[in-house]
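In what follows, a structure is listed as structure tokens, so that the remarks can point back to it.
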Amino acid sequence: MIRSAKAVRRRDVPTFSQGYPGAIERYYRTMLLRMVREIHRKLRGAGVEVYAAALAQRDAEMRRDAWPDYLETALGYIDFSEEVQAGVRAMRQVTTEMRAFKGREYQAFARQVMGVGAIQSQPKLDLVMDSWSQTNARLISSISGQFHADVAARAQEMVRQGRSMRDFQTELRRQYGLKSARAELIARTEVAKLNSAVTRERQEALGLDVYLWQSARDERVRQSHRALNGKYCRYSDPGVCADSPDGPWYSRASIGAFIGDPGTDFQCRCTGAASVDSMIDQLMREL
1 MIRSAKAVRR RDVPTFSQGY PGAIERYYRT MLLRMVREIH RKLRGAGVEV YAAALAQRDA
61 EMRRDAWPDY LETALGYIDF SEEVQAGVRA MRQVTTEMRA FKGREYQAFA RQVMGVGAIQ
121 SQPKLDLVMD SWSQTNARLI SSISGQFHAD VAARAQEMVR QGRSMRDFQT ELRRQYGLKS
181 ARAELIARTE VAKLNSAVTR ERQEALGLDV YLWQSARDER VRQSHRALNG KYCRYSDPGV
241 CADSPDGPWY SRASIGAFIG DPGTDFQCRC TGAASVDSMI DQLMREL
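Sequence positions in the sequence shown follow full-length UniProt numbering and run 1 to 287.
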């Protein structure tokens, strides 16, 4: 039986904490790094052979303008579609895991406040997932494309300079490090963004606008985010915050705080805890 909103006392359930999906982030990071490693393996194999042939061709030719075409064409034959597809499959698994992760939180919150589970059908959630998936599919493809383009450009330059095979292998390792760092950044930033978007959609589906900002509470938290920890915020106005869910509301800029939703800033691991007070107020208005 659904409990009366009047029977739910504020002191019983002031907020409902939203956890950060660390395991999902680690999975995504692992899979993207695996993709980068496989791309590097192919470049280290076929790419090294192509570089050696281009270098030899350059040294043997009187007219030294044929080897660039050879180098560009030969490197272009290296196919990374299998690696990109593996990255896309990992991305789809992330959306599946995030649905389950946030669904458990959502159901627990609904039971805590209303005494029953929440309705699962949410068309807006599908839009959130689709938008994130499209963005990440482009990001995954860009890792492969940029890796290939950067190596090809550096190979052209290094052959022109007569640089050794060892120099080219060193450059390959450098590019591998750069692309691995980018893959890690994508995993951190994009999982946080998805967590934020799904959290907001879930809470707004329950009629919630107010949430409690929770930082990761470690040394990596930026001061502009730490300033919001424990503050109440509103999805409808990301430029304000308050010390209680009832206000008064004041400008975030006045305390040097970040303006935006938790998880949307660069590498932000903050989360928004559902304000049960707001949910109770919403239910009582509907009685």
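Glycine is no exception: its CB is placed at the ideal position from the N, C-alpha and C atoms. Note that the structure is predicted; figures quoted are calculated from it, not measured.
With fewer than three CB-CB distances shorter than 8 Å, the stretch 96-104 does not count as touching the stretch 42-57. Beta bridge pairing from DSSP links Trp213 with Gly272.
Here Tyr20 carries a coil assignment [DSSP, helix/strand/coil].
The C-beta of Tyr51 has 16 or more other C-beta atoms within 10 Å across all chains shown, which makes the residue buried. C-alpha of Glu219 to C-alpha of Ile255: approximately 19 Å in a straight line. Counting the other CB atoms within 10 Å of its CB gives Asp265 a total of 16 or more, which places it among the buried residues. Runs of alpha helix (DSSP H) with 4 or more residues, each lying fully within the stretch 19-57, are found at 22-42, listed in chain order. Contact between Gln156 and Leu71 holds: CB atoms are separated by about 6 Å, below the 8 Å threshold. Under the 8 Å Cβ criterion, the stretch 259-273 counts as touching the stretch 190-199, having at least three qualifying pairs. Taking 8 Å as the upper bound for CB-CB distance, Trp67 and Val151 are not in contact here, some 16 Å apart. Looking only at Tyr27, Met35, Ser164 and Arg222, the smallest Cα-Cα distance to Glu97 is reached by Tyr27. About 5 Å separates the beta carbon of Lys124 from that of Glu201, a gap short enough to meet the 8 Å contact definition. The bridge partners DSSP lists for Val240 are Ser251.
Restricting attention to beta strand (DSSP E) runs no shorter than 3 residues, the stretch 61-148 encloses none. The beta carbon of Leu172 is closer than 8 Å to those of His40, Leu43, Arg44, Gly47, Val48 and Val151 in its chain, skipping five residues each way along the sequence.
Going by beta carbons, Ser144 and Val88 fall outside the 7 Å limit.
Sequence-distant partners of Gly22 (beyond 5 residues in either direction) whose C-beta falls short of 6 Å from its own C-beta are missing from its chain.
At the C-beta level, Val128 and Ile24 stay beyond 7 Å of one another.
In this structure, the CA atom of Ile140 is about 13 Å from the CA atom of His148. Where Tyr232 is concerned, the enclosing beta strand (DSSP E) starts and stops at Tyr232 to Arg234. In terms of Cβ geometry, Ser215 and Asn229 form a close pair [threshold 7 Å]. Put simply, of Arg188, Val36, Thr199 and Leu212 the residue whose alpha carbon is nearest the alpha carbon of Glu82 is Val36. Secondary structure at Thr264: coil, using DSSP grouped into helix, strand and coil. Considering only Trp213, Arg217 and Pro248, the residue with the shortest C-alpha distance to Asp261 is Trp213.
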